[in-house]
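Residue numbers (full-length UniProt numbering): 1 to 594.
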């Protein structure tokens with residue numbers, strides 16, 4: 001029988017007390033496995049009369065509640081039990097990761113002075129399939145023996161890395177009292193998904209290993225699950241810069257080395273303080289923190305960001321294996337989350353651009369096939385399909401959408417109250433371009449787009465193989481969804497549907513020919529319109545699953561050869577362009593458009 005009244009084996013009795021100033025060097029290569037921000041939770045507790053045990057898992061610093069009282073007495077930001085317990089109090093915690101090895105603990109009694117727990121001990125259970133049924137389960141293993149605690153202070157303990165991986169922990173508070181926070185440091189045992197997934201997920205072992213500044217919010221928040229709290233807290237935010245050409249950056253060690261396909265930047269609740277632009281670099285390094293001589297490859301050029309939204313960008317160099325990414329924000333600001341989507345090495349990445357390719361010849365509305373020299377005829381430009389956002393589409397045109405929160409309307413758009421105060425007018429949401437002086441009046445048309453079913457591959461990927469690209473050299477082209485039709489047994493009826501998705505493919509012009517490296521694919525929803533800049537190459541709009549009607553506004557001369565130029569890139573061409581929606585993107589689209 002142990003001093004705290006329990007039986008059970010011990011993995012190790014060795015531990016070291018760590019001074020607070022040595023926290024960084026001791027635990028910098030680990031993550032906090034026990035915080036509620038990664039999904040850790042309290043399963044059961046012996047007593048929480050004065051303060052709930054869930055406070056133990058808060059990521060936030062301990063809040064002083066001096067002078068505040070509740071029905072049961074003085075309030076504390078922590079776990080506090082009743083007095084006069086003859087034995088000990090306990091709490092069982094399930095970690096937010098499937099399992100993890102453990103190297104240390106922080107038992108924090110901040111704000112508890114005179115009512116702090118005098119001693120404590122920690123146990124682990126490496127049962128991974130079912131939660132523990134009892135705090136007296138004989139399978140509990142002692143990880144930290146009984147240690148003494150003091151008032152209102154952090155107590156850091158280092159233990160040898162556990163041999164087993166644990167999912168459940170039990171904290172003993174002996175005999176009673178209060179503990180503000182219980183922090184468990186270690187590393188998760190990753191269970192990697194198949195296909196494309198977030199290589200920057202803390203749940204799989206990714207780490208933020210360096211930040212240039214974290215004045216308002218720490219860098220480790222960037223890779224937490226979810227979108228964070230409904231405020232500016234829980235993200236990474238730097239102080240205001242006063243010097244020209246300033247930037248801040250964070251370096252992330254990926255969960256595993258792999259190929260990188262696209263990235264998400266989430267500026268949730270960063271409205272007046274989001275970065276103006278963002279860049280992303282990557283490298284392959286054996287170091288935890290790559291040194292100053294490390295060569296970084298730019299995989300995302302300086303892209304504009306918007307406030308309070310998720311923004312998705314396709315990455316460059318998808319055929320190279322990387323271990324780290326460096327996120328650069330210009331000049332400063334706050335970002336809530338980053339997701340770096342890719343596949344593990346040596347799994348072959350799916351999205352690539354063949355290195356050798358000739359460019360097409362364009363002759364009005366005459367289809368000219370793309371041809372290849374020295375490239376396997378079966379090779380193709382494969383594009384990941386990402387949700388349509390203003391930030392990612394800005395090089396190709398404009399996205400037309402109403403924002404539920406008026407604060408996120410781009411500052412470049414002028415808004416004013418009209419109609420005797422009953423409406424708000426947002427002006428000039430698109431740049432309507434007419435580069436042909438012969439055309440004075442725009443044409444408004446209706447396009448009715450038939451659904452184009454995707455080819456569903458064995459691994460669940462949805463694939464569309466393009467038939468052609470087109471451009472309008474002298475006019476912008478604006479599409480606004482009108483109606484989504486439902487397919488019935490008797491044909492197409494006119495029932496308005498609650499959903500409606502369409503595929504958008506664009507490319508910049510390169511001396512009168514599509515710049516294939518700039519090809520991008522997006523999925524839009526029925527509440528979003530688009531406007532292509534003049535001279536932007538694009539595929540015809542592709543309705544997904546159901547017929548969609550759009551209005552189309554553009555300038556036309558009536559001469560088809562000058563109004564529109566077409567290039568054939570269908571399945572008979574030597575080079576194909578295919579757009580693919582991976583399972584991860586399908587889930588993303590379902591969430592994004594719900």
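Built from N, CA and C at the ideal position, the CB exists for glycine as well.
Original post:
Which stretch, first to last residue, makes up the beta strand (DSSP E) that contains residue 265?
Top reply: 248–266
**OP:** Could you tell me the distance, in whole angstroms, from the CA atom of residue 562 to the CA atom of residue 286?
**Re:** 55 Å
Original post:
Between which two residues does the alpha helix (DSSP H) harbouring residue 563 extend?
Top reply: 560–563
**OP:** Assign residue 267 to buried or exposed, taking buried as 16 or more other Cβ atoms, counted over all protein chains shown, within 10 Å of its Cβ.
**Re:** buried
**OP:** Drop a sphere of 10 angstroms on the beta-carbon of residue 121, count the other beta-carbons inside from all chains shown, and report buried for 16 or more, exposed for fewer.
**Re:** buried
**OP:** Taking 8 Å as the threshold, find out whether the segment 231–242 comes into contact with the segment 189–207 through three or more Cβ pairs.
**Re:** no
Original post:
So, using beta-carbon positions, are residue 276 and residue 330 closer together than 7 Å?
Top reply: yes
**OP:** Starting from the C-beta of residue 514, find all residues in its chain whose C-beta is less than 6 Å away, skip the five residues before and the five after it, and write them out in chain order.
**Re:** 469, 507, 537
**OP:** In the DSSP assignment, find the beta strand (DSSP E) that holds residue 78 and state where it starts and stops.
**Re:** Careful: residue 78 lies outside any beta strand (DSSP E) and carries neither H nor E.
Original post:
Looking at the structure shown, is residue 596 part of a helix, part of a strand, or coil, going by DSSP?
Top reply: In the structure displayed, the chain extends from 1 to 594; residue 596 sits before or after that span and is not available.
Original post:
Does the Cβ of residue 49 have 16 or more other Cβ atoms within 10 Å, making it buried, or fewer, making it exposed?
Top reply: exposed
Original post:
Are the segment 239–247 and the segment 319–335 touching, with three or more C-beta to C-beta distances below 8 Å?
Top reply: yes
Original post:
By Cβ distance below 8 Å, which residues in the same chain neighbour residue 438 in space, the five residues on each side in sequence not counted?
Top reply: 557
Subject >> Cβ distance (whole Å) where residue 385 is taken to contact residue 503 below 8 Å >> reply: 7 Å
Original post:
Would you say residue 413 and residue 426 are within 7 Å of each other, going by their C-beta atoms?
Top reply: yes
Original post:
Do residue 217 and residue 211 have their C-beta atoms closer together than 7 Å?
Top reply: no
Subject >> Alpha-carbon to alpha-carbon, residue 554 and residue 424 >> reply: 26 Å
Subject >> Status (buried if at least 16 other CB within 10 Å, exposed otherwise) for residue 215 >> reply: exposed
Original post:
Does DSSP put residue 541 in a helix, in a strand, or in coil?
Top reply: coil
Subject >> Close-in-space but distant-in-sequence residues of the same chain around residue 257 (CB under 8 Å, 5 per side omitted) >> reply: 284, 321, 322, 323, 344, 345
Subject >> Cβ separation of residue 395 and residue 478, assumed to be a contact under 8 Å, to the nearest whole Å >> reply: At roughly 17 Å, the Cβ-Cβ gap does not stay under 8 Å, so residue 395 and residue 478 are not in contact.
Original post:
Under the three-state reduction of DSSP, which class applies to residue 358: helix, strand or coil?
Top reply: Annotation note: pLDDT 34 at residue 358 (below 50); position unreliable, no value reported.
Original post:
Would you call the segment 195–210 and the segment 125–132 touching, i.e. three or more CB-CB distances under 8 Å?
Top reply: no
Subject >> Nearest candidate by alpha-carbon position, reference residue 52, set 261, 520, 180 >> reply: 180
Subject >> Anticipated Cβ contact below 8 Å, residue 178 with residue 79, distance rounded >> reply: 7 Å
Subject >> Ranges of the beta strand (DSSP E) found wholly within the UniProt domain "Allantoicase" (39–188), counting only runs of at least 3 >> reply: 41–45, 89–94, 100–108, 119–125, 141–148, 154–158, 168–174, 181–188
Subject >> Beta-carbon proximity list for residue 119, same chain, < 7 Å, skipping 5 on both sides >> reply: 146, 147, 148, 149, 174
**OP:** Using the Cα positions of residue 616 and residue 262, report the straight-line distance between them to the nearest angstrom.
**Re:** As displayed, the chain neither begins before 1 nor continues past 594, which places residue 616 out of reach and without an answer.
**OP:** For residue 63, collect the residues of the same chain with a Cβ closer than 6 Å to its Cβ; drop the 5 residues on either side in sequence, then sort them by chain order.
**Re:** 77
Original post:
Who are the Cβ neighbours of residue 167 in its own chain at under 6 Å, not counting the five residues just before and after it?
Top reply: 95, 99, 128
**OP:** Label residue 402 either buried or exposed according to how many other C-beta atoms from any shown protein chain fall within 10 Å of its C-beta, with 16 as the threshold for buried.
**Re:** exposed
Original post:
Would you say the segment 18–32 touches the segment 80–89, given that touching needs at least three Cβ pairs under 8 Å?
Top reply: no
Original post:
Per DSSP, what kind of secondary structure is residue 349 in: helix, strand or coil?
Top reply: Any reading at residue 349 must be qualified, since the residue scores a pLDDT of 49, below 50, and its modelled position is unreliable; no value is offered.
**OP:** With a 10 Å radius around its C-beta and 16 neighbouring C-beta atoms as the bar for buried, classify residue 238 as buried or exposed.
**Re:** buried
Original post:
Could you give the residue range of the beta strand (DSSP E) that holds residue 391?
Top reply: Element bounds for residue 391: not the beta strand (DSSP E) but the alpha helix (DSSP H), 390–393.
**OP:** Report yes or no: do three or more beta-carbon pairs, one from the segment 577–586 and one from the segment 459–466, lie closer than 8 Å?
**Re:** yes
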